[in-house]
Amino acid sequence: MKFYCLIVIYLFILCCHCQNSNELLTKDIVKAENTTIATTATTNTTNSLSANITTTITSPTPVASSCVCSDESLCKISRLNENTKPYLFWIINTEINQLKKTLSKDINILSIHKDYLTKEAVCYAKSLGIKVLVWFPVSGATRDYVVTEEGRASFLRIGMEKVNKFNLNGIDIDIETDLDSPYYEYLLEKFRELLPVAKGYTVLTDLPTNYNFVYDVKRKDRILNAVDYVAMMNYDQSYGLPYLGANSNHSQTLIGQETFLKAGFPANRLITGLPLYAYYGKCVTKDLYVEQCVLSRPRLNTAYSLAYINSIVSNNRTDVKLTSGLLWDQVSLAPYINYMVTTNLGYDIYQTRYDNALSLRLKIQNSKAKGGVAFFRLDNLYGMPEARINEIFEATNPNNLPK
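Here it is as structure tokens:
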């Protein structure tokens, strides 16, 4: 009887543990799909964390999946040629008709948000010879999640599920919050183990250029040992200011790169990340040709796609009565435009600041990071005239620019 009771108690505890683990998977990054992958239930005690931290987790092991594409040759895993610089675009909206209109075969890496991976998008990109990564943003909620053993194990498992299900070329870990613990490097190291260079995989991480932790040499070395490239996110530089500033200021972008270079990151492994979106705001002034737009309250500081901005520049909007024409900021080396919107009480002046082919090219040509270029995001070009899209591609492909 005692033995029977012990069995019942054990099963009850086991069920509770499974339920708690499943609840963890519902947080932010872990909308787990109903797919099954083979895992190796090997418990590892890591010595790669800092001296006062040890943890045990169950790590997944990548397994061969049946090809997600009808052409099985598209599922072969390979890396970029050593002499080819990454020309990477992040993407969320993978609607296949829009993707086919916009995606260029000059792009060599497409990083698709984990929640928007589709067979059609992956196979179409691969048919153009593009390497496809799964893009995992790590936000504030995710940061709280990965400091637990169960969270880290789930993060690794779900990352590998995505890679295996879609026969992807690797993973892209996007840090959108200050991860000041060693668990960040630990996750990169584990993904590197699971996605080795020898098998053709790529591991990438994205970091804002204002992170001070890169000065920690030990952290820098661990990051470099785990990833192929570090993409520096050179945008949102004026977000939250009382006036509208450049999204990606030319000099500020170069200064941000210096942060990484001084920390010892090799220039040929640093990717320059640049924006394909704009910020706009309503100005307190009624001057159509104002240079510095002090924002009225409540402040409007919202991102717009380049297609929307193009409609303003082309004067194709019925709600815009008059524009200043395209203006150029000699400090940020980027364009801006002011425009008049009619209201019941008269009119308001708005300003939008963004990057065009010229300002993007200038940042790339003057960049001290030589590892390639990345853009946030490809789907912000949806709806743009084909000529404008091609203009951006021609101006920004690092493999076609003069050396």
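Residues -18 to -1, 1 to 385 (mature numbering (1 follows the signal peptide of the UniProt record, and there is no 0)) are what the sequence shown spells out, left to right. We treat Cβ as the ideally placed atom computed from N, Cα and C, and that holds for glycine.
Cα separation between residue i and residue j?
i, j, result
"Gly222", "Lys58", "45 angstroms"
"Glu54", "Cys105", "10 angstroms"
"Phe118", "His95", "6 angstroms"
"residue 387", "Arg251", "No information on residue 387 is available, as it lies outside the stretch -18 to 385 that the chain covers here."
"Leu226", "Pro257", "16 angstroms"
"Val276", "Pro224", "6 angstroms"
"Thr28", "Val272", "Its pLDDT being 35, under 50, Thr28 is placed unreliably in this model, and the coordinates cannot settle the point."
"Gly263", "Ser287", "14 angstroms"
"Ile89", "Asp97", "21 angstroms"
"Asn298", "Ile291", "10 angstroms"
"Asn372", "Gly111", "18 angstroms"
"Thr124", "Thr325", "42 angstroms"
"Glu171", "Arg281", "42 angstroms"
"Leu342", "Ser93", "20 angstroms"
"Asp154", "Tyr329", "45 angstroms"
"Ser349", "Ser230", "13 angstroms"
"Lys144", "Val128", "18 angstroms"
"Ile346", "Asp337", "12 angstroms"
"Gly238", "Pro190", "8 angstroms"
"Asp203", "Ser86", "35 angstroms"
"Asn146", "Phe358", "25 angstroms"
"Leu383", "Leu169", "35 angstroms"
"Ala103", "Thr235", "32 angstroms"
"Trp72", "Cys51", "21 angstroms"
"Ser314", "Lys181", "43 angstroms"
"Leu344", "Gln312", "12 angstroms"
"Lys83", "Thr76", "11 angstroms"
"Asn379", "Phe247", "22 angstroms"
"Ala208", "Val302", "50 angstroms"
"Pro68", "Tyr165", "27 angstroms"
"Ser60", "Tyr183", "6 angstroms"
"Arg370", "Leu309", "18 angstroms"
"Leu62", "Asn381", "12 angstroms"
"Leu327", "Ala228", "30 angstroms"
"Ile74", "Leu81", "11 angstroms"
"Thr300", "Ser136", "50 angstroms"
"His232", "Glu167", "30 angstroms"
"Thr130", "Val179", "28 angstroms"
If you follow the alpha helix (DSSP H) that residue i is in, where does it begin and where does it stop?
i, result
"Ile153", "From DSSP, Ile153 is part of no alpha helix (DSSP H) but of the beta strand (DSSP E) over 152 to 157."
"Ser293", "288 to 295"
"Thr241", "232 to 244"
"Phe137", "131 to 147"
"Thr378", "368 to 378"
"Thr84", "78 to 84"
What does residue i pair with, by DSSP beta-bridge criteria?
i, result
"Arg335", "Tyr261, Tyr318"
"Ile253", "Ala213"
"Ile91", "Leu70, Lys113"
"Tyr225", "Val276"
"Asp218", "Paired residue(s): none; Asp218 is not in a bridge."
"Pro248", "Beta-bridge pairing links Pro248 to no other residue."
"Gly328", "Thr325"
"residue 401", "Shown here, the chain extends from -18 to 385; a query on residue 401 therefore has no answer."
"Val120", "Ile157"
With a cut-off of 8 angstroms on the beta carbons, I'd call residue i and residue j a contact; round off their distance for me.
i, j, result
"Asp210", "Leu186", "6 angstroms"
"Ala339", "Ile374", "5 angstroms"
"Ile157", "Asp188", "6 angstroms"
"Ala285", "Tyr259", "5 angstroms"
"Met214", "Gly152", "Not really, about 19 angstroms apart at Cβ, beyond 8 angstroms."
"Ser306", "Leu360", "That pair is no contact at about 29 angstroms."
"Arg335", "Tyr217", "With 8 angstroms as the limit, Arg335 and Tyr217 do not qualify as a contact, their Cβ atoms being about 11 angstroms apart."
"Leu150", "Val120", "Incorrect: roughly 18 angstroms between the Cβ atoms, too far for contact."
"Ile331", "Thr267", "6 angstroms"
"Leu99", "Val116", "6 angstroms"
Identify the continuous beta strand (DSSP E) that holds residue i and give its terminal residues.
i, result
"Leu309", "309 to 311"
"Lys303", "302 to 305"
"Leu169", "Run containing Leu169: none in the beta strand (DSSP E); it sits in the alpha helix (DSSP H), 165 to 176."
"Val50", "Neither: Val50 is in no beta strand (DSSP E) and is coded neither H nor E."
"Ala356", "355 to 358"
"Val266", "Per DSSP, Val266 belongs to no beta strand (DSSP E) and is neither H nor E."
"Pro190", "184 to 190"
8 angstroms is my cut-off, CB to CB: does residue i come that close to chain C?
i, result
"Glu131", "Note that chain C does not occur in the displayed structure, where there is just one protein chain."
Next on the checklist: Three or more C-beta pairs under 8 angstroms: does that hold for the segment 313 to 325 against the segment 352 to 370?
Outcome noted: no
Next on the checklist: Taking contact to mean 3 or more Cβ pairs, one atom from each stretch, closer than 8 angstroms, check whether the segment 345 to 362 and the segment 293 to 308 are in contact.
Outcome noted: no
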